[in-house]
Amino acid sequence: MGGWARSKDERHSPRTTGARAVNGSFDVEANRKDRKWSCQALFVRVLWGLAHPFFRFSPRLLWGWRNMILRLFGAKIGAGVRIFPNVQIIIPWTLNIGDHCTFGNGVILYALGEVTIGPRTTVSQGVHVCGGTHDWRDPTFPLIKSPVTIGADVWVAADAFVGPDVVIGDGAILGARAVVVKSVPAGSIMAGNPAKKIGQRNGFDG
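All residue numbers for the sequence shown refer to UniProt numbering, where the first residue is 1 and numbers rise by one.
Dropping the structure here:
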């Protein structure tokens, strides 16, 4: 399932469909049964599930080991990246992570669409980066796989939520438990639900 609802007017990314029209209306049940992943993608997801215990139960300091596993599954991982063992990564091959990033305890990278994170960015504990949604205005409720881009030198503080199709500019700070569903200019300091700008970092153009 996708984790964030967006309207048909808001979406910019490819979606999955396939429900049949029945008596002039959509067959919702057919959509539920429709295959939303290719056979190859399903196979690799099964392999990732089998390999995941080697990631999840590795000692905390084995940063390079976990990075190696992710690279084996197609993730682009830069140098010096630190990912805690209990970070939840739904699909590794959609990840593009720059050098010297850190991901704390319990981070969720729901990377149905491509998730790109710039160098030297810190993603604190409990953060949810959500690259999946559904078109709630379509009665077939189709899955949408959306990109998320987080720039360089960003701090995403504890328990924040970053929604699909969001771009976070370089040097931005997302406060603890901020809910970010719109793109954020560089250097902006954001807080609240929904997140609003409360300040500006020096050295970054907004």
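We put the beta carbon where it would ideally sit given N, CA and C, even for glycine. Please read all numbers here as calculations on a predicted model, not as lab measurements.
Next on the checklist: For GLY203, which residues in the same chain have their Cβ closer than 8 Å to its Cβ, ignoring the five residues on either side in sequence?
Outcome noted: In chain order, GLY171, GLY187 place their CB closer than 8 Å to the CB of GLY203, counting only its own chain and leaving out the 5 sequence neighbours on each side.
Item to check | Candidates CYS130, ASN96, GLY113: closest to THR121 by CA position | outcome: THR121 has its Cα closest to that of ASN96, out of CYS130, ASN96, GLY113.
Checklist entry - For ASN105, which residues of its own chain have a beta-carbon under 7 Å away from its beta-carbon, when the five flanking residues on both sides are left out? => result Closer than 7 Å at Cβ, skipping near neighbours: PHE84, ASN86, GLN125.
Item to check | Boundaries (first-last residue) of the beta strand (DSSP E) holding GLN125 | outcome: It is not in any beta strand (DSSP E) - GLN125 carries neither H nor E in the DSSP assignment.
Next on the checklist: Distance check for ILE89 and PRO139, CA to CA, integer angstroms please.
Outcome noted: Their backbone Cα atoms lie some 29 Å apart in a straight line.
Checklist entry - Between LEU42 and VAL148, what straight-line distance do the alpha-carbon atoms span, to the nearest angstrom? => result LEU42 and VAL148 have their alpha carbons spaced roughly 22 Å apart.
Next on the checklist: Report the CB separation of ASN193 from VAL179 in whole angstroms; it is logged as a contact under 8 Å.
Outcome noted: Their Cβ separation, rounded to whole angstroms, is 4 Å, which keeps ASN193 and VAL179 in contact under 8 Å.
Checklist entry - If we call anything under 9 Å between Cβ atoms a contact, is VAL129 one with LEU109? => result Against a cut-off of 9 Å, the Cβ pair of LEU109 and VAL129 comes out as a contact.
Checklist entry - Are GLY118 and CYS101 touching if we call contact CB-CB under 9 Å? => result A distance below 9 Å separates the beta carbons of GLY118 and CYS101.
Next on the checklist: For ILE168 and ILE150, I'd like the C-alpha separation in whole angstroms.
Outcome noted: The alpha-carbon atoms of ILE168 and ILE150 are separated by roughly 5 Å.
Checklist entry - Among ILE173, TRP136, PRO53, which residue has its Cα nearest to the Cα of ALA158? => result ILE173 is the residue among ILE173, TRP136, PRO53 whose C-alpha sits nearest the C-alpha of ALA158.
Next on the checklist: Classify PHE55: buried if its beta carbon has 16 or more other beta carbons within 10 angstroms, exposed otherwise.
Outcome noted: Buried, by the Cβ-count rule.
Checklist entry - What does GLY175 pair with, by DSSP beta-bridge criteria? => result GLY175 pairs with nothing; no bridge assigned.
Next on the checklist: Looking only at its chain, what residues have a beta carbon closer than 6 Å to the beta carbon of VAL127, apart from the 5 residues adjacent to it on each side?
Outcome noted: Around VAL127: VAL107, VAL156, ALA160.
Item to check | Beta-carbon contacts of VAL123 that lie in its chain and below 6 Å, excluding the five residues immediately before and after | outcome: Result list for VAL123: PHE103, VAL107, VAL156, in chain order.
Next on the checklist: Let me check you understand the geometry: is the CB of GLN40 closer than 8 Å to at least one non-hydrogen atom of the ligand GDP?
Outcome noted: For the ligand GDP, the structure offers nothing, since it holds no ligand at all.
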